[in-house]
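**Q**
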Amino acid sequence: MEWLLDPLTVSFVQRALLAGMLVSVLCGLVGTWVVLRGMAFMSEAISHGMLPGVAVAYLAGANLLVGAAASAVVMILGVAWVSKNSRLSEDTGIGLLFVGMLALGVVIVSRARSFAVDLTAFLFGDVLSATVGDLVWLTAAATVAGIVSVIAYRPFVALVFDERKAHTLGLRPRWAHLALLALVVLAVVASFRIVGTLLVFGLLVAPSATAALFGRSIGATMAIAVLLGWSATLTGLIVSWNADTAAGATIAGLAVLQFFVAAVIRSASRRLRPAVSPTPIAVR
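Add 92 to the 1-based position in the sequence shown for our numbering, that's all there is to it.
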């Protein structure tokens with residue numbers, strides 16, 4: 093049992109575990125709305141679109157979180173501009189900005205002498221270097237995400253399940269969509285230093301997608317997503333410690349693996365009980 097307990101006695105692993113659990117709470121809350129709304133591609137684009145702002149802030153010696161947030165906002169505004177000023181779909185705008193912002197970020201980072209090290213840190217993060225300041229920031233971000241999810245619950249539900257009905261009920265779906273985008277930016281910006289701009293997408297979508305297979309309500313889906321994130325974080329850190337692999341990538345990989353294991357189990361159970369139809373997520 094030493095291989096299981098030894099990593100958890102180390103202080104920086106303990107901070108990494110707490111940081112990963114906070115990221116899981118934040119991503120579980122926001123990711124559930126992302127999955128139900130079908131915004132996974134947009135969320136991935138935002139996580140990649142942060143790279144130029146992070147790179148500029150790093151080279152200028154400025155705050156990385158400010159640079160990440162500014163770049164994410166530029167990404168969203170760019171997608172909106174392409175969709176509004178052309179006959180192209182939003183997906184096309186997302187794809188164009190996705191590649192363009194990522195390429196720009198890599199070009200900017202390449203100006204640094206420690207190009208390979210810096211780029212790896214930006215893309216994949218370093219959960220084992222989590223500080224007390226990171227924990228405070230993640231706690232604040234998770235609290236904000238929880239408060240917004242409660243206050244905007246009805247508009248979010250209407251937006252997710254029937255946008256036209258949301259218009260009819262006067263719930264302002266456009267504002268709800270903007271609020272949801274703001275939550276995605278918050279989750280991505282708050283988490284990128286811990287798990288990186290690439291891997292944050294895994295924790296934002298994978299646990300929530302897995303939870304959506306079994307959750308019978310939005311609240312239950314969020315709770316299951318958080319628990320799955322915690323499971324992936326704890327298991328990932330232990331595996332990383334003993335197998336000498338990258339911690340952030342191991343955690344994100346296990347989160348995705350959970351989805352496929354759950355999907356196989358669900359498919360097998362449905363074959364054994366063909367008469368039972370899947371239960372849709374209830375609005376409660």
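For each residue, glycine too, the CB sits at the ideal point set by N, CA and C.
What span of residues does the alpha helix (DSSP H) with Asp226 cover, start to end?
**A** Within the sequence shown, the letter at position 134 stands for residue 226. Taken as a continuous stretch (DSSP letters only), the alpha helix (DSSP H) holding Asp226 covers Val224 to Ile243.
**Q** Measuring CB to CB, does Leu248 end up less than 8 Å from Thr302?
**A** Start at 1 with the first residue of the sequence shown, and residue 248 comes out as number 156. Start at 1 with the first residue of the sequence shown, and residue 302 comes out as number 210. Checking the sequence, you will find Phe at residue 248 rather than Leu. No, the Cβ-Cβ distance between Phe248 and Thr302 is not below 8 Å.
**Q** If you follow the alpha helix (DSSP H) that Pro144 is in, where does it begin and where does it stop?
**A** In the sequence shown, counting from the first residue as 1, residue 144 sits at position 52. Its alpha helix (DSSP H) spans residues Leu143 to Ala152.
**Q** Taking just the CA atoms, how far does Leu273 sit from Val356?
**A** By one-based count along the sequence shown, residue 356 stands at place 264. By one-based count along the sequence shown, residue 273 stands at place 181. Looking at the two C-alpha atoms, the distance is approximately 31 Å.
**Q** If you pair each beta-carbon of the region 328–336 with each one of the region 144–157, do three or more pairs fall below 8 Å?
**A** Touching, no.
**Q** Tell me whether the beta-carbon of Pro299 lies closer than 8 Å to the beta-carbon of Gly130.
**A** Translated into the one-based positions of the sequence shown, residue 299 becomes position 207. Translated into the one-based positions of the sequence shown, residue 130 becomes position 38. No, these two residues do not count as a Cβ contact at 8 Å.
**Q** Inspect the beta-carbon positions of Ala160 and Met142 and report whether they are closer than 8 Å.
**A** By one-based count along the sequence shown, residue 160 stands at place 68. By one-based count along the sequence shown, residue 142 stands at place 50. Against a cut-off of 8 Å, the Cβ pair of Met142 and Ala160 comes out as a contact.
**Q** Using the C-alpha atoms, what's the distance from Ile138 back to Ala312?
**A** Along the sequence shown, read from residue 1 onward, the residue named residue 312 stands at position 220. Along the sequence shown, read from residue 1 onward, the residue named residue 138 stands at position 46. Taking the straight line from one Cα to the other gives about 26 Å.
**Q** Could you tell me the distance, in whole angstroms, from the CA atom of Ala360 to the CA atom of Ala335?
**A** Here the question's residue 360 lines up with position 268 in the sequence shown. Here the question's residue 335 lines up with position 243 in the sequence shown. In a straight line, the C-alpha of Ala360 is about 31 Å away from that of Ala335.
**Q** Closer than 7 Å by C-beta to Val378: which residues in its own chain qualify, once you throw out the five before and the five after it? Chain order, please.
**A** Because residue 378 is not part of the residues shown, which for the chain are 93 to 376, the question remains open.
**Q** Are Met193 and Trp322 close, meaning C-beta to C-beta below 8 Å?
**A** Walking along the sequence shown from the start, residue 193 turns up at place 101. Walking along the sequence shown from the start, residue 322 turns up at place 230. No, they are not a contact pair.
**Q** Would Ala233 and Leu295 qualify as a contact pair, given that the criterion is a beta-carbon distance under 8 Å?
**A** By one-based count along the sequence shown, residue 233 stands at place 141. By one-based count along the sequence shown, residue 295 stands at place 203. No, these two residues do not count as a Cβ contact at 8 Å.
**Q** Determine the contact status of Met314 and Gly120, defining contact as a CB-CB distance below 8 Å.
**A** To locate residue 314, count along the sequence shown from 1; it is residue 222. To locate residue 120, count along the sequence shown from 1; it is residue 28. Yes, these two residues count as a Cβ contact at 8 Å.
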